[in-house]
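Taking this note's numbering, I'd label the letters of the sequence shown as residues 4 to 346.
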Amino acid sequence: MTGGNSLRLGVIGTGHMAARYAQSWVLMPEVEFVAVSDLNPASRRKFIDICRSAGRLEPQEFEDFRSMLTACRDALDAVYVSTPHSLHAEHGIAVVQSGLDLLIEKPMVTTVAEAQRLISARDQSRSTVVVAFQGALSPLIADTRKRAQAGEFGELVSVAATIWENWSSRYEGHWKQQLVLSGGGFMFDTGAHMMNTVCLLADADCEQVSAFVNNRERSVDVVCAVAGRLTTGALLTLNAAGEGPPGCASHITFFYARAIIRIDAWGAWREITAAGTPGSREEVEITDNPLKSFLAIRAGRAENLSTVEAGLRFARLWDAIKASAARDGEPVAVRLGPTKAKP
4 MTGGNSLRLG VIGTGHMAAR YAQSWVLMPE VEFVAVSDLN PASRRKFIDI
54 CRSAGRLEPQ EFEDFRSMLT ACRDALDAVY VSTPHSLHAE HGIAVVQSGL
104 DLLIEKPMVT TVAEAQRLIS ARDQSRSTVV VAFQGALSPL IADTRKRAQA
154 GEFGELVSVA ATIWENWSSR YEGHWKQQLV LSGGGFMFDT GAHMMNTVCL
204 LADADCEQVS AFVNNRERSV DVVCAVAGRL TTGALLTLNA AGEGPPGCAS
254 HITFFYARAI IRIDAWGAWR EITAAGTPGS REEVEITDNP LKSFLAIRAG
304 RAENLSTVEA GLRFARLWDA IKASAARDGE PVAVRLGPTK AKP
(Lines of atoms letter the chains of each structure in order from A and count residues from 1; the text may use other names and numbers.)
(Lines give C-alpha, C1' and ligand atoms only; values in the text may rest on other atoms or scores of the structure.)
Protein backbone atom coordinates (compact mmCIF):
# COMPACT_ATOMS: atom_id res chain seq x y z
CA MET A 1 0.00 0.00 0.00
CA THR A 2 1.07 3.59 -0.47
CA GLY A 3 -0.11 6.82 0.97
CA GLY A 4 0.20 10.58 0.78
CA ASN A 5 1.40 12.94 3.46
CA SER A 6 -1.35 12.13 5.97
CA LEU A 7 -1.67 9.05 8.13
CA ARG A 8 -4.48 7.57 10.18
CA LEU A 9 -2.56 5.59 12.79
CA GLY A 10 -3.36 2.82 15.23
CA VAL A 11 -1.00 1.68 17.99
CA ILE A 12 -0.59 -1.82 19.41
CA GLY A 13 1.43 -1.61 22.61
CA THR A 14 1.39 1.74 24.42
CA GLY A 15 4.28 1.14 26.81
CA HIS A 16 7.49 3.08 27.36
CA MET A 17 8.72 3.32 23.76
CA ALA A 18 5.34 4.21 22.30
CA ALA A 19 4.73 6.85 24.97
CA ARG A 20 8.20 8.29 24.35
CA TYR A 21 7.61 8.57 20.62
CA ALA A 22 4.11 9.95 21.17
CA GLN A 23 5.61 13.09 22.71
CA SER A 24 6.90 14.09 19.27
CA TRP A 25 4.29 12.36 17.12
CA VAL A 26 1.46 14.47 18.56
CA LEU A 27 3.27 17.51 17.13
CA MET A 28 2.93 16.10 13.60
CA PRO A 29 -0.29 17.53 12.12
CA GLU A 30 -0.24 14.97 9.30
CA VAL A 31 -0.77 12.14 11.80
CA GLU A 32 -4.20 11.30 13.22
CA PHE A 33 -4.30 8.92 16.17
CA VAL A 34 -7.33 6.73 15.59
CA ALA A 35 -7.04 3.87 18.10
CA VAL A 36 -4.72 2.29 20.66
CA SER A 37 -4.57 -1.21 22.12
CA ASP A 38 -2.76 -2.52 25.19
CA LEU A 39 -3.53 -5.04 27.93
CA ASN A 40 -2.60 -2.45 30.56
CA PRO A 41 -5.33 0.19 31.01
CA ALA A 42 -2.92 2.59 32.75
CA SER A 43 -0.58 2.38 29.79
CA ARG A 44 -3.41 3.10 27.38
CA ARG A 45 -4.57 6.09 29.40
CA LYS A 46 -1.05 7.52 29.57
CA PHE A 47 -0.80 7.45 25.78
CA ILE A 48 -4.28 8.97 25.40
CA ASP A 49 -3.40 11.69 27.92
CA ILE A 50 -0.38 12.62 25.82
CA CYS A 51 -2.70 13.08 22.84
CA ARG A 52 -5.24 15.09 24.80
CA SER A 53 -2.60 17.33 26.40
CA ALA A 54 -1.38 18.26 22.93
CA GLY A 55 -4.90 19.27 21.90
CA ARG A 56 -5.43 16.17 19.78
CA LEU A 57 -8.60 14.10 19.64
CA GLU A 58 -8.53 11.08 21.95
CA PRO A 59 -7.97 7.81 20.08
CA GLN A 60 -10.36 4.94 20.67
CA GLU A 61 -9.22 2.57 23.39
CA PHE A 62 -9.09 -1.24 23.14
CA GLU A 63 -7.75 -3.98 25.38
CA ASP A 64 -7.64 -6.57 22.58
CA PHE A 65 -5.65 -5.73 19.44
CA ARG A 66 -7.81 -7.91 17.18
CA SER A 67 -10.92 -6.05 18.31
CA MET A 68 -9.18 -2.79 17.40
CA LEU A 69 -8.24 -4.07 13.94
CA THR A 70 -11.78 -5.29 13.31
CA ALA A 71 -13.60 -2.23 14.62
CA CYS A 72 -11.29 0.38 13.09
CA ARG A 73 -10.13 -1.31 9.89
CA ASP A 74 -11.72 1.22 7.54
CA ALA A 75 -10.58 4.17 9.67
CA LEU A 76 -6.89 3.19 9.65
CA ASP A 77 -4.03 3.49 7.18
CA ALA A 78 -1.30 1.93 9.30
CA VAL A 79 -0.43 0.52 12.71
CA TYR A 80 2.64 0.96 14.89
CA VAL A 81 3.51 -2.19 16.89
CA SER A 82 5.54 -1.68 20.07
CA THR A 83 5.02 -4.77 22.20
CA PRO A 84 7.46 -7.24 23.81
CA HIS A 85 9.66 -8.90 21.19
CA SER A 86 8.04 -12.33 21.30
CA LEU A 87 4.66 -10.79 20.38
CA HIS A 88 5.87 -8.88 17.32
CA ALA A 89 5.14 -11.65 14.83
CA GLU A 90 1.56 -12.25 15.98
CA HIS A 91 0.74 -8.55 16.05
CA GLY A 92 2.57 -7.64 12.85
CA ILE A 93 1.06 -10.47 10.82
CA ALA A 94 -2.43 -9.56 12.03
CA VAL A 95 -1.89 -5.96 10.93
CA VAL A 96 -0.79 -6.79 7.37
CA GLN A 97 -3.47 -9.46 7.03
CA SER A 98 -5.91 -6.62 7.69
CA GLY A 99 -4.50 -4.86 4.64
CA LEU A 100 -2.81 -2.12 6.67
CA ASP A 101 0.72 -0.75 6.50
CA LEU A 102 3.01 -1.60 9.39
CA LEU A 103 5.71 0.20 11.37
CA ILE A 104 7.08 -2.41 13.76
CA GLU A 105 9.60 -2.07 16.55
CA LYS A 106 12.90 -3.88 16.41
CA PRO A 107 13.73 -6.70 16.37
CA MET A 108 11.11 -7.51 13.75
CA VAL A 109 10.51 -11.09 14.95
CA THR A 110 12.30 -13.66 17.09
CA THR A 111 12.78 -16.58 14.63
CA VAL A 112 13.26 -17.36 10.94
CA ALA A 113 9.88 -19.10 10.80
CA GLU A 114 8.14 -15.96 12.08
CA ALA A 115 9.96 -13.82 9.51
CA GLN A 116 8.87 -16.13 6.71
CA ARG A 117 5.24 -15.96 7.84
CA LEU A 118 5.37 -12.16 7.95
CA ILE A 119 6.86 -12.04 4.44
CA SER A 120 4.10 -14.31 3.13
CA ALA A 121 1.43 -12.13 4.74
CA ARG A 122 3.04 -8.97 3.35
CA ASP A 123 3.16 -10.44 -0.14
CA GLN A 124 -0.53 -11.28 -0.03
CA SER A 125 -1.62 -7.87 1.29
CA ARG A 126 1.04 -5.76 -0.49
CA SER A 127 1.34 -3.71 2.68
CA THR A 128 4.30 -1.43 3.32
CA VAL A 129 6.32 -2.79 6.25
CA VAL A 130 9.13 -0.85 7.94
CA VAL A 131 11.15 -2.07 10.94
CA ALA A 132 11.99 0.80 13.30
CA PHE A 133 15.78 0.36 13.36
CA GLN A 134 17.43 3.78 13.67
CA GLY A 135 20.48 2.49 11.82
CA ALA A 136 18.53 1.33 8.78
CA LEU A 137 16.86 4.76 8.64
CA SER A 138 20.15 6.71 9.05
CA PRO A 139 21.35 8.76 6.05
CA LEU A 140 24.99 7.92 6.91
CA ILE A 141 24.30 4.19 6.75
CA ALA A 142 22.26 4.58 3.56
CA ASP A 143 25.11 6.53 1.96
CA THR A 144 27.74 4.02 3.14
CA ARG A 145 25.73 1.12 1.73
CA LYS A 146 25.22 2.83 -1.63
CA ARG A 147 28.92 3.64 -1.99
CA ALA A 148 29.97 0.13 -0.95
CA GLN A 149 27.59 -1.43 -3.47
CA ALA A 150 29.03 0.85 -6.16
CA GLY A 151 32.47 -0.57 -5.44
CA GLU A 152 34.05 2.61 -4.10
CA PHE A 153 35.66 0.85 -1.13
CA GLY A 154 36.60 -2.38 -2.86
CA GLU A 155 35.97 -5.87 -1.54
CA LEU A 156 34.79 -6.28 2.06
CA VAL A 157 37.48 -8.22 3.92
CA SER A 158 36.40 -8.25 7.57
CA VAL A 159 33.99 -6.73 10.10
CA ALA A 160 34.62 -6.07 13.80
CA ALA A 161 31.59 -4.91 15.78
CA THR A 162 31.08 -4.07 19.45
CA ILE A 163 28.21 -2.71 21.52
CA TRP A 164 27.89 -2.17 25.26
CA GLU A 165 25.44 -0.87 27.88
CA ASN A 166 24.71 -1.14 31.58
CA TRP A 167 21.79 -3.29 30.46
CA SER A 168 21.89 -5.93 33.19
CA SER A 169 21.23 -3.45 36.00
CA ARG A 170 19.20 -0.99 33.96
CA TYR A 171 16.55 -3.57 33.04
CA GLU A 172 16.61 -5.73 36.15
CA GLY A 173 13.11 -7.16 36.63
CA HIS A 174 11.98 -5.83 33.24
CA TRP A 175 10.27 -8.02 30.61
CA LYS A 176 13.45 -7.64 28.53
CA GLN A 177 15.07 -10.09 30.93
CA GLN A 178 12.21 -12.60 30.75
CA LEU A 179 12.99 -14.98 27.87
CA VAL A 180 9.37 -15.89 27.14
CA LEU A 181 8.67 -12.22 26.32
CA SER A 182 12.05 -10.97 25.10
CA GLY A 183 13.21 -13.80 22.85
CA GLY A 184 16.77 -13.24 24.07
CA GLY A 185 18.94 -11.07 26.26
CA PHE A 186 21.25 -8.13 25.63
CA MET A 187 22.47 -9.40 22.26
CA PHE A 188 18.89 -9.59 20.96
CA ASP A 189 17.81 -6.29 22.52
CA THR A 190 20.39 -3.52 22.26
CA GLY A 191 22.71 -5.84 20.34
CA ALA A 192 20.04 -6.09 17.64
CA HIS A 193 21.08 -2.63 16.45
CA MET A 194 24.65 -3.87 15.94
CA MET A 195 23.62 -7.09 14.20
CA ASN A 196 21.18 -5.34 11.90
CA THR A 197 23.65 -2.65 10.84
CA VAL A 198 26.30 -5.30 10.14
CA CYS A 199 23.81 -7.31 8.05
CA LEU A 200 22.73 -4.19 6.17
CA LEU A 201 26.20 -2.85 5.33
CA ALA A 202 27.87 -6.23 4.74
CA ASP A 203 24.97 -6.88 2.33
CA ALA A 204 25.38 -10.65 2.63
CA ASP A 205 24.14 -13.52 4.75
CA CYS A 206 26.30 -15.24 7.33
CA GLU A 207 27.44 -18.68 6.23
CA GLN A 208 28.70 -20.03 9.56
CA VAL A 209 28.94 -18.75 13.14
CA SER A 210 30.43 -19.78 16.47
CA ALA A 211 28.93 -18.11 19.53
CA PHE A 212 29.43 -18.01 23.29
CA VAL A 213 27.19 -16.34 25.87
CA ASN A 214 27.41 -15.56 29.57
CA ASN A 215 24.23 -14.82 31.50
CA ARG A 216 26.11 -13.38 34.50
CA GLU A 217 23.46 -14.58 36.96
CA ARG A 218 20.54 -13.37 34.85
CA SER A 219 18.00 -15.62 33.11
CA VAL A 220 19.06 -14.40 29.65
CA ASP A 221 22.36 -13.63 27.94
CA VAL A 222 24.17 -10.53 29.16
CA VAL A 223 27.46 -11.02 27.29
CA CYS A 224 27.81 -12.54 23.83
CA ALA A 225 30.79 -13.10 21.54
CA VAL A 226 30.42 -14.33 17.95
CA ALA A 227 32.88 -15.22 15.19
CA GLY A 228 31.54 -15.88 11.73
CA ARG A 229 32.03 -16.01 7.99
CA LEU A 230 29.85 -14.34 5.38
CA THR A 231 28.80 -15.99 2.13
CA THR A 232 31.18 -13.56 0.40
CA GLY A 233 34.11 -14.99 2.36
CA ALA A 234 34.51 -11.93 4.59
CA LEU A 235 35.01 -12.68 8.29
CA LEU A 236 33.28 -11.00 11.20
CA THR A 237 33.29 -10.71 14.97
CA LEU A 238 30.41 -9.44 17.11
CA ASN A 239 30.87 -8.58 20.79
CA ALA A 240 28.03 -7.48 23.03
CA ALA A 241 28.66 -6.55 26.68
CA GLY A 242 25.50 -5.87 28.66
CA GLU A 243 27.14 -5.20 32.01
CA GLY A 244 29.29 -2.22 32.86
CA PRO A 245 29.21 1.44 33.91
CA PRO A 246 26.27 3.67 32.93
CA GLY A 247 26.07 4.39 29.22
CA CYS A 248 25.43 2.81 25.86
CA ALA A 249 27.63 2.97 22.76
CA SER A 250 28.83 1.03 19.75
CA HIS A 251 31.78 0.85 17.34
CA ILE A 252 31.63 -1.09 14.08
CA THR A 253 34.61 -1.27 11.72
CA PHE A 254 34.30 -2.47 8.14
CA PHE A 255 37.64 -3.36 6.61
CA TYR A 256 37.51 -3.04 2.82
CA ALA A 257 40.35 -3.55 0.33
CA ARG A 258 40.56 0.21 -0.31
CA ALA A 259 39.02 1.81 2.77
CA ILE A 260 38.22 1.40 6.45
CA ILE A 261 34.76 2.50 7.58
CA ARG A 262 34.05 3.13 11.25
CA ILE A 263 30.43 3.70 12.17
CA ASP A 264 28.12 3.16 15.12
CA ALA A 265 25.13 0.81 15.24
CA TRP A 266 22.58 3.64 15.07
CA GLY A 267 24.26 5.51 12.21
CA ALA A 268 24.91 8.61 14.31
CA TRP A 269 28.54 9.01 13.21
CA ARG A 270 30.98 7.73 10.59
CA GLU A 271 34.71 7.92 9.85
CA ILE A 272 36.22 6.87 6.50
CA THR A 273 39.92 6.12 6.09
CA ALA A 274 40.94 5.91 2.44
CA ALA A 275 44.37 5.89 0.76
CA GLY A 276 45.92 5.82 4.23
CA THR A 277 44.39 9.16 5.15
CA PRO A 278 42.00 9.20 8.15
CA GLY A 279 38.82 11.08 7.52
CA SER A 280 37.08 13.42 9.93
CA ARG A 281 34.10 12.24 11.93
CA GLU A 282 30.76 12.93 10.29
CA GLU A 283 27.77 13.16 12.61
CA VAL A 284 24.03 13.28 12.06
CA GLU A 285 21.09 13.37 14.42
CA ILE A 286 19.95 9.83 15.12
CA THR A 287 16.60 9.11 13.51
CA ASP A 288 14.67 9.11 16.77
CA ASN A 289 11.36 9.66 15.03
CA PRO A 290 10.90 6.63 12.75
CA LEU A 291 7.36 7.74 11.92
CA LYS A 292 8.77 10.54 9.74
CA SER A 293 10.82 7.99 7.81
CA PHE A 294 7.77 5.73 7.59
CA LEU A 295 5.72 8.54 6.06
CA ALA A 296 8.46 9.29 3.53
CA ILE A 297 8.72 5.61 2.55
CA ARG A 298 4.93 5.26 2.16
CA ALA A 299 4.85 8.36 -0.03
CA GLY A 300 7.70 7.09 -2.21
CA ARG A 301 10.08 9.88 -1.16
CA ALA A 302 12.59 7.55 0.51
CA GLU A 303 13.96 4.05 -0.03
CA ASN A 304 13.03 1.41 2.52
CA LEU A 305 16.22 -0.25 3.77
CA SER A 306 14.49 -1.68 6.83
CA THR A 307 12.44 -4.32 5.04
CA VAL A 308 11.02 -7.67 6.06
CA GLU A 309 13.69 -9.30 3.90
CA ALA A 310 16.36 -7.53 5.97
CA GLY A 311 14.53 -8.79 9.05
CA LEU A 312 14.76 -12.34 7.70
CA ARG A 313 18.53 -12.03 7.22
CA PHE A 314 18.80 -10.79 10.81
CA ALA A 315 16.63 -13.68 12.06
CA ARG A 316 18.81 -16.25 10.28
CA LEU A 317 21.87 -14.86 12.05
CA TRP A 318 20.13 -14.84 15.43
CA ASP A 319 18.84 -18.41 15.08
CA ALA A 320 22.37 -19.58 14.28
CA ILE A 321 23.87 -17.67 17.20
CA LYS A 322 21.39 -19.30 19.59
CA ALA A 323 22.10 -22.75 18.17
CA SER A 324 25.87 -22.36 18.47
CA ALA A 325 25.72 -20.89 21.97
CA ALA A 326 23.53 -23.79 23.11
CA ARG A 327 26.35 -26.12 21.95
CA ASP A 328 29.04 -24.13 23.75
CA GLY A 329 30.40 -22.42 20.67
CA GLU A 330 30.24 -25.29 18.21
CA PRO A 331 30.29 -23.85 14.65
CA VAL A 332 26.79 -23.79 13.12
CA ALA A 333 25.96 -23.40 9.44
CA VAL A 334 23.39 -20.68 8.81
CA ARG A 335 20.38 -22.19 7.07
CA LEU A 336 19.39 -19.83 4.28
CA GLY A 337 16.35 -21.80 3.06
CA PRO A 338 13.20 -20.31 1.55
CA THR A 339 12.16 -16.67 1.96
CA LYS A 340 8.47 -17.40 2.47
CA ALA A 341 6.59 -19.77 4.73
CA LYS A 342 5.30 -22.95 3.12
CA PRO A 343 1.60 -22.73 2.15
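Note that beta-carbon positions come from the ideal geometry of N, C-alpha and C, so glycine has one too.
With a 10 Å radius around the Cβ and a threshold of 16 neighbouring Cβ atoms, Ala329 comes out exposed. Secondary structure note for Arg265: its beta strand (DSSP E) is the uninterrupted segment Ala262 to Ile266. Cβ-Cβ distances below 8 Å link Gly332 to Ser213, Ala214 and Phe215 in the same chain, with the five nearest sequence neighbours on each side left out; the list follows chain order. Under the three-state reduction of DSSP, Glu285 is assigned to strand. Put simply, of Phe191, Leu12 and Leu140 the residue whose alpha carbon is nearest the alpha carbon of Lys325 is Phe191. Excluding sequence positions up to five before and after Ile300, its CB lies within less than 7 Å of the CB of Thr131, Val133 and Asn307, all in the same chain and listed in chain order. By the CB criterion at 8 Å, Phe136 and Ile264 fall outside the cutoff. In chain order, Gln180, Leu182 and Gly188 place their CB closer than 6 Å to the CB of Val223, counting only its own chain and leaving out the 5 sequence neighbours on each side. The C-beta distance from Val229 to Leu238 rounds to 11 Å, too long to fall under 8 Å, and the pair is not in contact. Exposure of Pro142 is indicated by the presence of fewer than 16 other C-beta atoms within 10 angstroms of its C-beta. The three-state secondary structure of Tyr174, taken from DSSP, is coil. Distance from the CA atom of Thr113 to the CA atom of Leu320, rounded to whole angstroms, is 11 Å. In the displayed model, Gln119 falls within a helix according to three-state DSSP. For Asp52, no beta strand (DSSP E) segment is defined; the enclosing uninterrupted segment is the alpha helix (DSSP H) at Pro44 to Ser56. DSSP, read as helix, strand or coil, puts Glu93 in helix. According to the DSSP assignment, Gly279 belongs to no beta strand (DSSP E), since it is labelled neither H nor E. Considering only Glu246, Ser27, Ala318 and Ala74, the residue with the shortest C-alpha distance to Glu175 is Glu246.
The C-beta separation of Arg148 from Asp206 comes to about 7 Å, placing the pair in contact by the 8 Å criterion.
Between Val98 and Val162, the beta carbon gap of about 33 Å keeps them out of contact (Cβ cut-off 8 Å).
With a 10 Å radius around the Cβ and a threshold of 16 neighbouring Cβ atoms, Ala260 comes out exposed. A direct Cα-to-Cα measurement between Leu12 and Val34 gives close to 7 Å.
Nearest C-alpha to Gly236 among Asp208, Thr256 and Ala243: Asp208. Asn199 sits in a helix when the DSSP states are folded into three classes.
Checking the DSSP bridge columns, you'll see Asp104 partnered with Ala81. The DSSP-derived three-state label of Gln63 is strand.
When secondary structure is reduced to three states using DSSP, Thr165 falls in the strand class. In this structure, DSSP gives Gln211 an extended state, which the three-state scheme calls strand.
Bounds of the alpha helix (DSSP H) holding Leu315 are Val311 to Ala329. DSSP lists Gln211 and Leu238 as the bridge partner or partners of Arg232.
The C-alpha of Arg48 is placed about 13 Å away from the C-alpha of Val14. Annotated three-state conformation of Arg148 is helix, per DSSP.
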